[in-house]
Amino acid sequence: MSSSLKKGDAQALPDYADQDYMILDLSPPPQLALSVRGLSKTYKIAQSIDDHVTAAEALAAWVLKGFRGGRYQDFKAIHDVSFDLFAGDVMAILGNNGSGKSTLLKLISRITEPTNGKIDLYGRVGSLLEVGSGFHPELTGRENIYLNGTILGMSNREIDREFDAIVEFAGVEKFLDTPIKRYSSGMSVRLAFAVAAHLRSEILIIDEVLSVGDQDFQKQCLERMRTLAQDGRAVLFVSHHLESCRELCNKALVLNEGSIDFMGDIEAGLEYYADLQQVNDIGLLKRSQAAR
Amino acid sequence: MLRLCTPASLKPSTIASSTGGDGTAGAVEYSTQPLRTIRPSSPLDLLDFRDLIQYRDLLATLAWRDIKVRYRQTYLGAFWVLLQPILGASVFFIVFHNIGLLPGPQGVPYFVFSMSSLIAWNFFTSILNKASNSLVNNSQLISKVYFPRLLLPLSSVLSSTVDLIISILVLTAIMAFSGMTFDYCLAFLPLWLMSLAMLASGLSFLIGSLMVSYRDVQHILPVALQMMLYASPVGYTLDQALTRAPSDLHFVFRLNPLSGLLEGFRCSLLGLAAPDATTIAFSITVSAIVFLTGLVTFKRMERRFADVI
Ligand SMILES: Nc1ncnc2c1ncn2[C@@H]1O[C@H](COP(=O)(O)OP(=O)(O)OP(=O)(O)O)[C@@H](O)[C@H]1O
Ligand SMILES: [Mg+2]
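Chains as they are written, first to last, in our numbering: chain F, 1 to 292; chain H, 1 to 309.
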């Protein structure tokens, strides 16, 4: 298998789930963590902005819409995406705003359902799409560790085991019994990331969460993620901070308008992404010149 | 379990040196077959409740969060659970007993009567209010984390049940203090409470999943509950309602599944006469049907929650 794939090659990937390749292949293949095949997600988006003035107008529009079956348009946020992720791989997902990065991560973490295609998971998925989801401001740090941990899929027993490590990582020992609402925003972010960083899952999914927190803490987080990958975890990492992608990842996947444009080594991926943006910039320039 | 090696061409470049270059996974083990396959859901998935068991700790944690948060920064704390039905019963006492001249049934003091009714009614409305709103109130969670969505309304049911148990204990203390005794009917208490919980949670599954797309429901619910209070035998017994209300209105009390459940609940606790068999059968059947309908609707709609909430 080639180490990088360009647009169109994606379909040639094998379907590991249906194939007992151990017998066919003498050199053992890498441990597969995740395989995505023909994945698509179509959202329904409202076609026109409803600007009704009165309730009666809104009601009339609603009745009419009901008869016409709604004025919705299909929008393909992810279109026919296929790739594999192996043990120890840290893959950066690059792409412009709205290219479908978060949607792809949401599909893999089962937050939203695919319209087509399938995802095979060979391990448990731990995902961090937002720092501190489920933190409650009225509860103390200690209580929030348990709340956030169970929300991310840990059992109480697992949290008991990791508790001290989490507290140490976050560096909030003194404030453990203070309500989160009295924390500085950086402190609560540290605590939230500390909980997620101690997930025991084999596949980790992280969406632009490191932009918060001070320099030291960001370094600490990157360090932690590197350790997690060294243990053999597979990581999918979305960030617009290309330097941390370069530092942390070994693979890259470039998304453009919902499809894979490039897949391969991180350096080549970053290069491809830079070129892509340049092409976009030139396109923009041409369009604005034409408009003038 | 097989330990597989990474061929050189695919060896992760940045970490190869630090893992000693052999490429084997260290602490983490993967399965050789997919643990889970994610696909567009089929109708059969409606019957899939495995996740609920895997996430059972979350159910308890969410209910516990509910209870804790409610009484944070209050002086009286959990005493509010005791005070609410007592204050409510006092209002009923003044309105229905002192002003409306309604007697308590069969030698039961009106205050005890109305307090027991209110405990059951509060259980019903507390589930309905909290569970229906639980999805919208946790929209941030729904769009950013996966967990079985059913846990949100279920945790509200659980926290309401804790309140219910506390208030029943207070009532029994008041009853013992005023020299009342219990009979064998008490054994049926779980039946009435289960049915009440099924009716309320079934309704809140429906209302909650509607509310995800149409927030209008949020405004209708309090009004509907207020009307329902008078259409149910809460401040009065079913008999009193039927003798005093004009006969055109009887159907309201006859078709209301709460009639049988409230009467049954009071029969168990206060030793009042049991409702007749048809009323009981009707109430329990309706509760079960509402529960199942709500559950199926919820499971059908839940895959769209994250997209539209
Ligand atoms: N629930 C939704 N309903 C309708 N459209 C949606 C929904 N969620 C996302 N989209 C659309 O899907 C597209 C991809 O969104 P997504 O959040 O995946 O982008 P992204 O690559 O993460 O962008 P960013 O870099 O800004 O985070 C966007 O055009 C967005 O408008
Ligand atoms: Mg995003």
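Don't be surprised by glycine CBs; every beta carbon is placed ideally from N, CA and C.
Because the structure is a prediction, the values reported are computed rather than measured.
Closest Cα partner of S114(H) within the set S90(H), F298(H), I220(H) and L82(H): S90(H)
Residue span of the beta strand (DSSP E) that contains N256(F), given as start and end: K251 to N256
D216(F): CB within 8 angstroms of a non-hydrogen atom of ligand 1: no
Check: H317(F) C-beta below 8 angstroms from any heavy atom of ligand 1: Absent from the structure is residue 317(F), since the part of chain F shown begins at 1 and ends at 292.
Within-9 angstroms CB hit, H136(F) to chain H: yes
Where K44(F) falls, given that 16 or more other Cβ within 10 Å makes a residue buried: exposed
6 angstroms CB neighbourhood of L258(H) in its chain, flanking five on each side removed: Within the same chain, L258(H) has close Cβ partners S232.
CB contact below 9 angstroms: T112(F) versus chain H: yes
Rounded distance between the beta-carbons of G117(F) and S201(F), thought under 8 angstroms: With a Cβ gap of about 22 angstroms, S201(F) and G117(F) do not count as contacting.
Which listed residue (R36(H), S42(H), T37(H) and D216(H)) has its alpha carbon closest to that of E302(H): S42(H)
Per DSSP, the bridge partner or partners of V125(F): I203(F)
Simplified DSSP assignment, three categories, for R149(H): coil
Residue(s) in a DSSP beta bridge with G264(F): A252(F)
Own chain, CB closer than 7 angstroms to N256(H), minus 5 neighbours either side, in chain order: These residues qualify, in order along the chain: A231 and S232.
Shell residues, 6 angstroms Cβ cut-off relative to heavy atoms of ligand 1: Y43(F), I45(F), F75(F), A77(F), G95(F), N97(F), G98(F), S99(F), G100(F), K101(F), S102(F), T103(F) and D307(H)
Own chain, CB closer than 8 angstroms to L128(H), minus 5 neighbours either side, in chain order: In chain order, A200, L203, S204, I207, L221 and L225 place their CB closer than 8 angstroms to the CB of L128(H), counting only its own chain and leaving out the 5 sequence neighbours on each side.
E295(F) CB to nearest heavy atom of ligand 2 below 8 angstroms: With chain F covering only 1 through 292, there is no way to say anything about residue 295(F).
Every unbroken beta strand (DSSP E) within the segment 235-275 of chain H, with a cutoff of 3 residues, ordered by chain: Qualifying beta strand (DSSP E) stretches: none in this window.
Straight-line gap, D160(F) to L152(F) (C-alpha atoms, nearest Å): 15 angstroms
Contacting residues, own chain, Cβ-Cβ under 7 angstroms from Q31(F) (five flanking each side not counted): F86 and A87
P179(F) - DSSP class collapsed to helix/strand/coil: strand
Beta-bridge partners of Y230(H), as assigned by DSSP: Looking at the DSSP assignment, Y230(H) forms no beta bridge with any residue, so it has no partner.
Euclidean distance between Cα positions of R190(F) and D207(F): 16 angstroms
Cβ-Cβ distance between M180(H) and V108(H) below 9 angstroms: yes
Identified DSSP bridge partners for K219(F): Looking at the DSSP assignment, K219(F) forms no beta bridge with any residue, so it has no partner.
Own chain, CB closer than 7 angstroms to I289(H), minus 5 neighbours either side, in chain order: none
Residues within the segment 84-115 of chain F neighbouring chain H, beta-carbon criterion of under 9 angstroms: F86, A87, G88, D89, V90, K106, L107, I108, S109, R110, I111, T112, E113, P114 and T115
The segment 244-253 of chain H / the segment 270-279 of chain H touching (three or more Cβ pairs under 8 angstroms): no
Rounded separation between F123(H) and F265(H) - CA only: 12 angstroms
Cβ of A33(F) within 9 angstroms of any chain H Cβ: yes
Minimum C-alpha distance to P148(H) - residue among L52(H), I86(H) and I284(H): With distances taken between Cα atoms, P148(H) lies closest to L52(H).
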